[in-house]
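What follows is a single structure, written as structure tokens, with notes after it.
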Amino acid sequence: MSVRNAEIAEIFDRMADLLEIQGANRFRVRAYRNASLTASGLGRSLADMLAASEDLSELPDIGKDLADKIREIVDTGRLAALEELEKDVPAGLVELTRLPGLGPKRAKRLHESLGIHDLEGLARAARKHRIRELPGFGAKTEQRIVEALARHNQDEGRHKLADVEEIAGAYVACLEAVAGVNRVVVAGSYRRRQETVGDLDILVTCKKGAPVMKAFAEYDEVDEVSSQGKTRSTVLLRSGLQVDLRVVPEVSYGAALYYFTGSKAHNVAVRSIAVKKKLKINEYGVFKGERRVAGKTEDELFGVVGLRYIEPELRENRGEIEAAQKNRLPRLVSMSDIRGDLHAHSSATDGHHSIREMAEAAKNRGYAYLAITDHSKRVTIAHGMDEARFRRQIDAIDRLNASLRGIRILKGVEVDILNDGSLDIRNSVLKRLDLVVGAIHSGFGLSREKQTERIMRAMDNPYFNILAHPTGRLINQRPAYEVDMERVMRGALERGCFLELNAQPDRLDLNDVHCRTAKDLGSMVAISTDAHSTNDLDYMRFGVDQGRRGWLEPGDVLNTRSWRELKTLFARR
DNA sequence: GCCGTTTTCGGCCCGACTGTTTTCAGTCG
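Residue numbers for the first sequence follow the working numbering, beginning at 530 and rising by one.
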């Protein structure tokens, strides 16, 4: 049973949490956090790297000590240092620091002065008004803790990007209508197009901040104003989403946009490059002593620290800064590169529109082809089709293609991968299709080994082309099933198969790190919408965004190719 | 705990807001 990177990342994060409460050197705490990010953002399995005798201390932010600790975790599944720390610091204190307004220092003081070691104890102490008596605390702090505790239970966590888009659009429109406002732009993880957004960061440029602040706090959807200052305010919306507003003068636009786009790890790394050049970067600009040397645009800012412009989707401190220094940044795929969609459904199974309607919609989006990949019989709930129905659909699409201009319908299937790895439709029918998309819709609970084998067996079928939504996860709803993704990718590469990046906003499966791994291995990815209606075809941009986060270039994406090229790629030898 | 085109030791990003304070610590992003 090999330890996954995510588990190692979690252990390091936990080390950081506990060390912070203990009052350890903050740079030591940061070292653990950075190492956690390295582990979770790494495309390859640390356990595999160790098995191959690779030197982990060559990885960024991993030195000798942490390399040894990774080895310990991989060998034993535990970390003695963490267990020692857990003896000193009650686990519940970490929960306390998750409450807004409570950090490590206050959690520690609550523990030492009042013996509080979890949320329940905190609630009891607050009810008895014992918190306000502590030095550094007061009645207001106590009240905020009570409110935070009440809210904590209904905390929804991170919000899906597509959901946040609707909220953001309306809020931005409201702020744009305020007199004197120049620009309103959403920064943060939203601009980096992360699959989920924790809170929304809105940046405004204007001369006078007060009217914007007022409009921001009085917006219809605001449930509570958490803080309000001259240049910065925070509110909580009824939807549970926190929104931060920052107002800066126009001359600081680029620096502020850069700063509030993050990520934090990226910003910190670039700032330290600036420090070495005797420059200071803050949200108002880049400064040499008192003199502003850049800041009106992001381009300017990157220029003075000696970097090429880095696209927001790449700003995660996962090698983009080194690439920018060496002028080796990828030319990221964009919507204009996309020439078709390789996974869509029609009303023949669980789609809402006819094949012709879907084809017309694809043509309207400028595509050259659209694959109709309806479900196979196993998926009864979606009216999956048997061999006879597929034969009839193949003939129907041939006739449609003869009458349509400017769009080609590809004959496909989303065939179920059965538990033993066989496919739900006979080869005699698969061979007549333009492409075969295979997917897992059941048997999510198999062991990692069995699930991986199952997919490998499926890909052994000579007609298999693309593995749809390869991990089966649904964001905020269902975790990925256990599978050795690196092995699946290598297996696909050896067999001439491909993996899908499913663009549905609640799937986005492959994730960004998987895409990066696929690219590094030399495996092309299909960005597909899995559309069940004509409107769903517009999900493509979410897939493209995710692919960009995974460093994908047009050459890495299957559906930037013409059908003629794809035909060659799909004909496995 | 990491890291090195100043360095193997001594650095490690920067500012706004709040509440409890009489000048600042804690928290957050």
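Positions of the beta carbon are idealized from the N, C-alpha and C atoms, including for glycine.
Item, Value
"Who pairs with T734 in a beta bridge, going by DSSP?", "R712 and V777"
"Going straight from the alpha carbon of G650 to that of L643, what length do you get?", "9 Å"
"Quick check: L608 and K598, are their CB atoms within less than 8 Å of each other?", "yes"
"Excluding sequence positions up to five away, which residues of its chain have a Cβ less than 7 Å from the Cβ of L765?", "D752, E753, S755 and Q771"
"Are the segment 615–622 and the segment 580–597 touching, with three or more C-beta to C-beta distances below 8 Å?", "no"
"Buried or exposed, going by whether 16 or more other CB atoms sit within 10 Å of the CB of M1069?", "buried"
"Less than 7 Å between C-beta atoms, sequence neighbours within five positions excluded: which residues of the same chain meet that for N534?", "A568, S569, L571, S574 and L575"
"Which whole-angstrom value is the C-beta distance of T826 and P778, which I expect to be below 8 Å?", "Contact flag wrong, Cβ pair sits at about 14 Å."
"Return the chain-ordered list of same chain residues with a C-beta closer than 6 Å to the C-beta of R847, the five sequence neighbours on each side being excluded.", "G570"
"Quick one: grab the DSSP three-state call for A997.", "coil"
"What's the call for H658, buried or exposed, on a 16-neighbour Cβ count within 10 Å?", "exposed"
"Tell me K809's beta-bridge partners as DSSP assigns them.", "F816"
"Inspect the beta-carbon positions of H872 and E1029 and report whether they are closer than 8 Å.", "yes"
"Using the three-state DSSP reduction, which class does A706 fall into: helix, strand or coil?", "coil"
"Could you spell out where the alpha helix (DSSP H) holding A545 opens and where it closes?", "N534 to Q551"
"Where do the ends of the alpha helix (DSSP H) carrying E829 lie?", "E827 to V833"
"For the beta strand (DSSP E) holding H904, just list the boundary residues, first then last.", "Y898 to H904"
"According to DSSP, D945 sits in a beta bridge with which residue or residues?", "A968"
"Thinking C-beta only, is I926 closer than 8 Å to K940?", "yes"
"Grab the span of the beta strand (DSSP E) containing L718 for me, first residue to last.", "The sequence given here places Ser at residue 718; Leu does not occur at that position. Careful: S718 lies outside any beta strand (DSSP E), inside the alpha helix (DSSP H) at G717 to R720."
"Just to check my reading of the structure: V1012 and I984 have Cβ atoms closer than 8 Å, yes? What is that Cβ distance to the nearest angstrom?", "7 Å"
"Can you say whether Y838 is buried or exposed, counting buried as having 16 or more other CB atoms within 10 angstroms of its CB?", "exposed"
"So, for V523: in the same chain, excluding its five sequence neighbours on each side, which residues have a beta-carbon less than 7 Å away from its beta-carbon?", "The chain is shown only over 530 to 1102; residue 523 falls outside these bounds and no answer can be derived."
"Would you mind listing the beta strand (DSSP E) stretches within the segment 995–1032 that are 3+ residues and don't spill past its ends, in chain order?", "1027–1031"
"Please determine, among R918, L975 and V713, the residue with the shortest C-alpha to C-alpha distance to L729.", "V713"
"Comparing alpha-carbon positions, which option in L843, R857, R860 and A900 lies nearest G869?", "A900"
"Label T909 either buried or exposed according to how many other C-beta atoms from any shown protein chain fall within 10 Å of its C-beta, with 16 as the threshold for buried.", "exposed"
"Do you know how far the Cα of E842 is from the Cα of R1077?", "6 Å"
"Is the distance from the Cβ of L1039 to the Cβ of N990 below 8 Å?", "no"
"Would you mind sorting F745 into buried or exposed? The rule is 16 or more other CB atoms within 10 Å of its CB.", "buried"
"Taking DSSP as the reference, what is the three-state secondary structure of K960?", "coil"
"Considering just the uninterrupted stretch of the alpha helix (DSSP H) at T1097, what are its terminal residues?", "W1092 to F1099"
"Starting from I1056, trace the alpha helix (DSSP H) in both directions and tell me its first and last residue.", "Where I1056 is concerned, there is no enclosing alpha helix (DSSP H), although the beta strand (DSSP E) it sits in stretches over V1054 to S1057."
"Any idea if S865 is buried or exposed, counting beta-carbon neighbours within 10 angstroms, 16 or more meaning buried?", "exposed"
"Grouping DSSP H, G and I as helix and E and B as strand, with all else coil, what is S762?", "strand"
"H1061 and G880 - do their beta-carbons sit closer together than 8 Å?", "yes"
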